[in-house]
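Visitor:
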Amino acid sequence: MSDRPLRIVYADDEEDILSVATLSLEMVGGHSVRGCRSGREAIEEALQDLPDVVMLDVMMPGMDGPSTMKVMRSMHEFDGLPIVLITARVRPSEVQEYLALGACGVITKPFDPMALPGEVSSLVRDGSRGVARARSAPGD
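Oh and the sequence shown: position 45 is 45 in the UniProt record's numbering, straight run, nothing missing.
#1: Kindly indicate which residue of L18, V20, S32 and V54 has the alpha-carbon position closest to the one of D79.
#2: Does A103 come out as helix, strand or coil in the three-state DSSP assignment?
#3: Among the candidates R4, C104 and K109, whose CA atom is the shortest distance from the CA of L123?
#4: Can you tell which of K70, D112, E77 and D126 has its C-alpha closest to the C-alpha of E97?
#5: Going by DSSP, which residues form a beta bridge with R34?
#6: With DSSP as the reference, label V124 as helix, strand or coil.
#7: Using a 10 Å radius around the Cβ and a threshold of 16 neighbouring Cβ atoms, would you call M72 buried or exposed?
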């Protein structure tokens, strides 16, 4: 995939995080973001207009990120769609579990808003399923 702007569906129940990530991805990265507050909403948005990548917060009420990803991976409409999980807690075993479920990468919170667009583009471009790709803010 080239460095063209990405169409992103981003789901996070924390409005502040969703706002910062959207601002970062759009203003710094030049990407187009459709923000969602739940996993179900992310699935609905992605079905309406297939994005280039879906970003899911791991911890959301109702359908969390991994559950949302499992549902999406079971639907042929989303075959080959890169899914990135976002989480505040990353243990190596959790990263491996998320990758085994079909994530193309994991980005840790807090993330660096200036680096986030490049991190997402890199994960989508590399399509590196099966390789742990945990990202974090500088100094972690």
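Even for Gly, the Cβ is constructed at its ideal location relative to N, Cα and C.
Guide: This is what the structure holds:
#1: The sequence position of residue 79 within the sequence shown is 79, counting from 1. A check of alpha carbon separations from D79 across L18, V20, S32 and V54 identifies V54 as the nearest.
#2: Taking the sequence shown and counting its residues from 1, one reaches residue 103 at position 103. DSSP places A103 in the coil class of the three-state scheme, outside both helix and strand.
#3: In the sequence shown, the residue the question calls residue 123 occupies position 123. From the listed residues R4, C104 and K109, the smallest Cα separation to L123 is found for C104.
#4: Mapped onto the sequence shown, residue 97 falls at position 97. Here the closest residue by C-alpha is K70.
#5: On the sequence shown, residue 34 is found 34 positions in, with the first residue counted as 1. In DSSP, R34 forms a bridge with V9.
#6: Along the sequence shown, one-based indexing puts residue 124 at 124. Helix.
#7: Locating residue 72 in the sequence shown gives position 72, where the first residue counts as 1. Result: buried.
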